[in-house]
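J.: Each position in the sequence shown, counted from 1, maps to that position plus 462 in my numbering. From the three backbone atoms N, C-alpha and C, an ideal C-beta is built for every residue, glycine too.
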Amino acid sequence: MTIRAATTADPLPAHLRTVVEAIFDRKGRAPSVLEVTDLLGYTDHLIIVSARSERHAAGITDGIVAALREVGRRPIGMDGLSDHRWSLLDYGDFIVHVFHHPVRLHYDLESMLHEARRLHLDVPEELAATDDLETRMPEAMEAVSEAAVDPRLRLDPFG
Numbered sequence: 463m464t465i466r467a468a469t470t471a472d473p474l475p476a477h478l479r480t481v482v483e484a485i486f487d488r489k490g491r492a493p494s495v496l497e498v499t500d501l502l503g504y505t506d507h508l509i510i511v512s513a514r515s516e517r518h519a520a521g522i523t524d525g526i527v528a529a530l531r532e533v534g535r536r537p538i539g540m541d542g543l544s545d546h547r548w549s550l551l552d553y554g555d556f557i558v559h560v561f562h563h564p565v566r567l568h569y570d571l572e573s574m575l576h577e578a579r580r581l582h583l584d585v586p587e588e589l590a591a592t593d594d595l596e597t598r599m600p601e602a603m604e605a606v607s608e609a610a611v612d613p614r615l616r617l618d619p620f621g
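Right under this line is the structure:
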């Protein structure tokens, strides 16, 4: 399988290809690679992928870290590894976001970055669809989201 950028015949850079192949190996769903060099000052690419569950997200995250470690890359930062609803792997020139699917839908990074160039991926058909994935937010996330928009629900650490 060849993974190519959308507007050129050039293959994806090796490090991005390694990430995408690890995502495919772990059955990550609906992967997306955004080129954000001109939009964000802190990275060149965002890789976004959905998981069926928090456990699946943990497996995808572990697979990506292991695959990149084999080629000498180590993350400079990682976050969200305690619950795997939204795991973030920061490699400097690219950042990987592994979402439990309902959390991806809620935060909708792709819409916020609608001006970003999307790189074309030849995603296997069974990994492209998300119709069969859960779309309801986990209860704990619903409470956090409500507190973010309803000031009556916010916790006051000083009061």
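In whole angstroms, give me the CA-to-CA distance for A513 and G539.
T.: Cα to Cα, A513 sits roughly 21 Å from G539.
J.: Evaluate H518 with the Cβ neighbour count: other Cβ atoms within 10 Å of its Cβ, from every protein chain shown; 16 or more gives buried, anything less gives exposed.
T.: Its Cβ being crowded by 16 or more others within 10 Å, H518 is buried.
J.: DSSP three-state label for E577, please.
T.: Coil.
J.: Which runs of the beta strand (DSSP E) spanning at least 3 residues fall entirely within the region 507 to 556, listed in chain order?
T.: DSSP runs (the beta strand (DSSP E)) wholly in the region 507 to 556: 507 to 513, 539 to 541, 548 to 552.
J.: Can you tell me whether A681 is helix, strand or coil according to DSSP?
T.: There is simply no residue 681 to check, as the chain begins at 463 and stops at 621 in what is shown.
J.: Count the other C-beta atoms from every protein chain shown that fall within 10 angstroms of the C-beta of L615, then say buried if there are 16 or more, exposed otherwise.
T.: Because the pLDDT of L615 is 46, which lies under 50, any placement of that residue in the model is unreliable, and the number read from its coordinates should be weighed accordingly. Per the 10 Å Cβ criterion, exposed.
J.: Decide if Y553 is buried, meaning its Cβ has at least 16 other Cβ atoms within 10 Å, or exposed.
T.: By the 10 Å Cβ count, Y553 comes out buried.
J.: Output the distance between the C-alpha atoms of G534 and Y569, rounded to the nearest integer angstrom.
T.: Distance between the alpha carbons of G534 and Y569: 31 Å.
J.: If we count Cβ pairs, one from each stretch, closer than 8 Å, do we get three or more for the region 491 to 507 versus the region 567 to 583?
T.: Result yes; three or more Cβ-Cβ pairs closer than 8 Å.
J.: Hey, would you say V481 sits closer than 9 Å to L530, going by beta carbons?
T.: Their beta carbons are under 9 Å apart, which means V481 touches L530 by this criterion.
J.: When the Cα atoms are used, what is the spatial distance from I557 to D506?
T.: C-alpha separation (whole angstroms): 8 Å.
J.: Since V560 contacts S549 with CB under 8 Å, what's their CB separation in whole angstroms?
T.: Yes, V560 and S549 are in contact; Cβ-Cβ is about 4 Å, under 8 Å.
J.: Quick check: the Cα distance between L567 and E532, rounded to an integer number of angstroms?
T.: Answer to the nearest angstrom: the Cα atoms are 31 Å apart.
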